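Engineer: Numbering (our numbering), first residue to last: 20 to 327.
This is the structure I have questions about; it appears just below.
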Amino acid sequence: MFKLTLKYPIYTLDNQLLFPPGTLLTKEMLDAVINSHMPYSYQTHPLLSHGSVKKDCLNFLSTPPYVTIFLDKKEVNDLLNLLETVHLSIPILQSLDYFRQHDFYTYDHVLMVFALSTLLAKDLIPDYQECIQLSATGPTHDIGKICVPLFILKKTTPLTRTEQGFIEHHAGAGYVLLGYYYKDTQHLACKVALDHHERRDSSGYPRGIPLKDPLVEIIAVSDIYDALIKPRPYRSTAYDNRAALEEITEMAEQKKIGWDVVRALIAHNRKSKPHFRDTKISAEKRGTPPSYNVYGIIAEEEEKDPKD
Ligand SMILES: [Fe+2]
Ligand SMILES: [Fe+2]
């Protein structure tokens, strides 16, 4: 039976509290909130014609290493044609506006996870077009970050355990928010938001369950790759492409993620564009990870001044 402890509150962008901190969430509780709060459906709008999304996407796609991954112009056109068919509800589009304005990294990240995961899904998921159109999981997978304070998302020094917990809260928050907006907790986008930080060996979060679903795994790998190849608040220098691919290869060696999705990612990074099944991966590690990186380092909690 589905249960998730929410350590922190879940609220919408217009500050409607859906669940207070400490809630032991069940599917029945979420269904009750969905039914009581939302007698109508939200209007939808095409994603690519929202604000500057299309222009920003094209701009992000033209920067390395995406310019190599999306080298084939026909492939880019096919991708854009498919993305043109994706419609999202107004509050979900407003979350993109929020990230564009307040946390540009997350805005760029969710769009590129969308583009890359769509390309990988083309190789790995038989009915990928329908799957992408219906679920549009790239732009929504991190929507729960609207429930994480911006100062934590942008912190450049090690996080405390409380702050790390807040970051991890975004997975469950995304599940709740998307269930609420789609009025359907079984929607594929909800599953992706909840499980995209899970790993095959159960070492992920929030539930520590085995990562099994092929689409969730594609989003998970696109998510890790995009995070590595860009500067982040906790690591001002990006991984170079080789070091990023080696990190991901190592995760497959440790059985955290599957080999097919890693092969597909590496195949698209090669100019010769081999089929992913014919792509050989070297076990040699020659990349150089950035020297300054406080990711995973836990800071002491700050002591509260008793006068506060
Ligand atoms: Fe995430
Ligand atoms: Fe992400």
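All C-beta atoms in this analysis are idealised placements derived from N, C-alpha and C, irrespective of residue type, glycine included.
None of these values were measured; they are calculated from a predicted model.
#1: Could you tell me the boundaries of the beta strand (DSSP E) in which Thr42 lies?
#2: On the DSSP letters alone, give me the boundaries of the beta strand (DSSP E) that Pro65 sits inside.
#3: Does the distance from the C-beta atom of Glu103 to that of Leu67 stay below 9 Å?
#4: Verify whether the separation of the beta carbon atoms of Ala338 and Leu197 is less than 9 Å.
#5: Taking just the CA atoms, how far does Arg226 sit from His215?
#6: Are three or more beta carbon pairs between the segment 277-292 and the segment 117-133 nearer than 8 Å?
#7: Between His216 and ligand 1, is the CB less than 8 Å from at least one heavy atom?
#8: Measuring only from the beta carbon, is Asp127 closer than 8 Å to any heavy atom that is part of ligand 2?
#9: Quick check: is any heavy atom of ligand 1 less than 8 Å from the C-beta of Ala262?
#10: Here's the rule I'm using: 16 or more other beta-carbon atoms within 10 Å means buried, otherwise exposed. How should Arg305 be labelled?
#11: Check His69 in the structure and name its three-state DSSP category.
#12: Along the chain, where does the beta strand (DSSP E) that runs through Leu25 open and close?
#13: Can you determine whether any heavy atom of ligand 2 sits closer than 8 Å to the C-beta of His160, and answer yes or no?
#14: By alpha-carbon positions, which one of Pro158, Val52, Asp142 and Gly191 ends up nearest to Lys22?
#15: Between the segment 201-210 and the segment 34-44, do three or more beta carbon pairs fall short of 8 Å?
#16: Under a three-way DSSP split, which group does Thr156 fall into?
#17: Going by alpha carbons, who is nearest to Leu207 out of Arg219, Tyr85, Leu80 and Gly193?
#18: Can you check which of these residues, Asn100, Ile53 and Leu77, is closest to Pro65 by C-alpha distance?
#19: Here's a check: name, in chain order, each residue in its chain whose Cβ is nearer than 8 Å to the Cβ of Ile228, leaving out the five neighbours to either side.
#20: So what's Arg289 in DSSP terms, helix, strand or just coil?
#21: In chain order, what residues of the same chain lie with their CB nearer than 8 Å to the CB of Ile171, ignoring the 5 residues before and after it?
#22: Considering Leu213, what are the terminal residues of the beta strand (DSSP E) in which it resides?
#23: Beta carbon of Pro308, beta carbon of Tyr244: below 9 Å?
#24: I'd like to confirm something about Asp245: is its beta-carbon nearer than 8 Å to some heavy atom of ligand 2, or not?
#25: Hey, would you say the C-beta of Ala190 is under 8 Å away from at least one heavy atom of ligand 1?
#26: Is Val132 near ligand 2 - that is, is its Cβ less than 8 Å away from at least one heavy atom of it?
#27: Can you check whether the CB of Cys166 is closer than 9 Å to the CB of Tyr61?
#28: Since I believe His188 is in contact with Gly223 (beta carbons under 8 Å), could you give me their beta-carbon distance rounded to a whole number of angstroms?
#29: Do you know offhand how far Asn260's Cα is from Val86's?
#30: When you compare only the Cα positions, how much space is there between Leu44 and Pro250?
Structural biologist: To lay it out plainly:
#1: Thr42 to Thr45
#2: Thr63 to Pro65
#3: The Cβ atoms of Glu103 and Leu67 sit closer than 9 Å to each other.
#4: In the structure as shown, the chain begins at 20 and stops at 327. Residue 338 is therefore absent and cannot be evaluated.
#5: Using only the alpha carbons, I get a separation of about 11 Å.
#6: no
#7: yes
#8: no
#9: no
#10: exposed
#11: coil
#12: Lys22 to Leu25
#13: yes
#14: Gly191
#15: No: the two stretches stay apart, fewer than three of their Cβ pairs being nearer than 8 Å.
#16: helix
#17: Gly193
#18: Asn100
#19: Asp214, Glu217 and Ser221
#20: Looking at Arg289 - three-state DSSP - the assignment turns out to be coil, as it is neither helix nor strand.
#21: Leu178, Glu182, Phe185 and Ile186
#22: Unbroken run through Leu213 is the alpha helix (DSSP H), Leu207 to Asp214; no beta strand (DSSP E).
#23: No, they are not a contact pair.
#24: yes
#25: yes
#26: Flag set: Cβ of Val132 near ligand 2.
#27: no
#28: Wrong, their Cβ atoms sit about 14 Å apart, outside the cutoff.
#29: 12 Å
#30: 35 Å
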